[in-house]
Each structure stands twice: as C-alpha cells, then as structure tokens.
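Structure first, commentary second.
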Amino acid sequence: MSSNASGDEWHAKTLRAWQLAILRFAVTLDHADRLVVLAIAAEMDGLDPLRDRRSAFGFFRRISADLCTAILEPNERSSTLLGEYLARINDKRLKRVFAAAIEADQPKLPSVSKPIKRDNGLWRGLSSRDNQAH
Numbered sequence: 445m446s447s448n449a450s451g452d453e454w455h456a457k458t459l460r461a462w463q464l465a466i467l468r469f470a471v472t473l474d475h476a477d478r479l480v481v482l483a484i485a486a487e488m489d490g491l492d493p494l495r496d497r498r499s500a501f502g503f504f505r506r507i508s509a510d511l512c513t514a515i516l517e518p519n520e521r522s523s524t525l526l527g528e529y530l531a532r533i534n535d536k537r538l539k540r541v542f543a544a545a546i547e548a549d550q551p552k553l554p555s556v557s558k559p560i561k562r563d564n565g566l567w568r569g570l571s572s573r574d575n576q577a578h
C-alpha cells in the first residue's frame, strides 16, 4: 500500500509540475518554457499502464500543445479552452495566478454599450457663436 501511496504522490507532484510549467509559459511566452511543458506532458502520457505499443496515450501532449497555442494566439476558441483548463485547476492560488496571466495576454474587447452622453446642459441657454453680432 505504501508503494501505491508513493506512486499517487509522484503523480500528484508531476501534475503540479505540469500546471506550474503551463503557468510559467503563460507568463514568459518563452519557447524553452513551452518545451518544458511538452516534456512533462510526454512523461505523463508515458505513465499510462493500460497503453499498448500500437496506440500511445497522448492526452497530456495534445492538451499541452492546445493550451500553449491558445496562450500564444488568443481567440474565441482559445478563450474557451483556457477557461475549461482554468476550471479544472484545484489549487485556488494557482487558479488566481493563471487567470491573471491569461487575462493579461488576452486582448480587451470594447464593450458594446451605449456611449456616455456627456451633455449635462452646460451650454443650455447660451447663444451659439454663429448668432453673435460681430
């Protein structure tokens, strides 16, 4: 049982390292950090005990590549993907920091609200310049 517990702990630490690597990439956008994310993902995919030689498990490699692309090229689809990933993060501090990192990289779209009317009647009652006698 202790070997299973240590295996679970190793999996948890590897998952945490993967999440932190994704966070680091979101902050730095550095190619070397992206390679670290993909290396950890490949290691995690290799841990599947049920895989056979014909069909390799590739979930973490696939999701890592998608997340890195979404971070680099923000759009509507990538925003959805990043939101789904964010919802799966269990650590509240990591979730807050990652949310801040991806929002900083996302373009801010202008809101589609009515423009503010700034005419408070300031000039009401005054004649226009065109009507003034010269």
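For the sequence shown, our numbering gives the first residue as 445, with consecutive numbering after it. A virtual CB, placed ideally from N, CA and C, is assigned to each residue, including glycine. No experiment lies behind these values; they were computed from the predicted model shown.
Taking the straight line between their C-alpha atoms, what separation do you get for D489 and V480? As a position in the sequence shown, residue 489 is number 45, starting the count at 1. As a position in the sequence shown, residue 480 is number 36, starting the count at 1. Using only the alpha carbons, I get a separation of about 14 angstroms.
With DSSP collapsed to three states, give me the class of R468. One-based indexing of the sequence shown puts residue 468 at position 24. R468 sits in a helix when the DSSP states are folded into three classes.
Which stretch, first to last residue, makes up the alpha helix (DSSP H) that contains I515? Along the sequence shown, one-based indexing puts residue 515 at 71. Counting along the chain, I515 sits inside the alpha helix (DSSP H) bounded by residues F503 to L516.
Close beta carbons around D579, own chain, < 6 angstroms, minus the five adjacent residues each side: This structure leaves residue 579 out entirely; the chain is present only between 445 and 578.
Check whether the stretch 498 to 514 touches the stretch 524 to 543, taking contact to mean three or more Cβ pairs, one atom from each stretch, closer than 8 angstroms. The stretch 498 to 514 is in contact with the stretch 524 to 543.
Roughly how many whole angstroms lie between the Cα atoms of Q463 and E520? The count along the sequence shown starts at 1 and reaches residue 463 at position 19. The count along the sequence shown starts at 1 and reaches residue 520 at position 76. Distance between the alpha carbons of Q463 and E520: 22 angstroms.
Classify F542: buried if its beta carbon has 16 or more other beta carbons within 10 angstroms, exposed otherwise. For the purposes of this step, residue 542 is identified with residue 98 of the sequence shown, where counting begins at 1. Buried, because 16 or more other Cβ atoms sit within 10 Å of the Cβ of F542.
Give me, in chain order, the residues of the same chain whose beta-carbon lies closer than 7 angstroms to that of G502; leave out the 5 immediate sequence neighbours on both sides. The residue labelled residue 502 in the question sits at position 58 within the sequence shown. Taken in chain order, the residues that qualify are D489.
So which of P518, L538 and W454 has the shortest CA-CA distance to E547? Residue mapping note: residue 547 aligns to position 103 of the sequence shown, counting from 1. It is P518.
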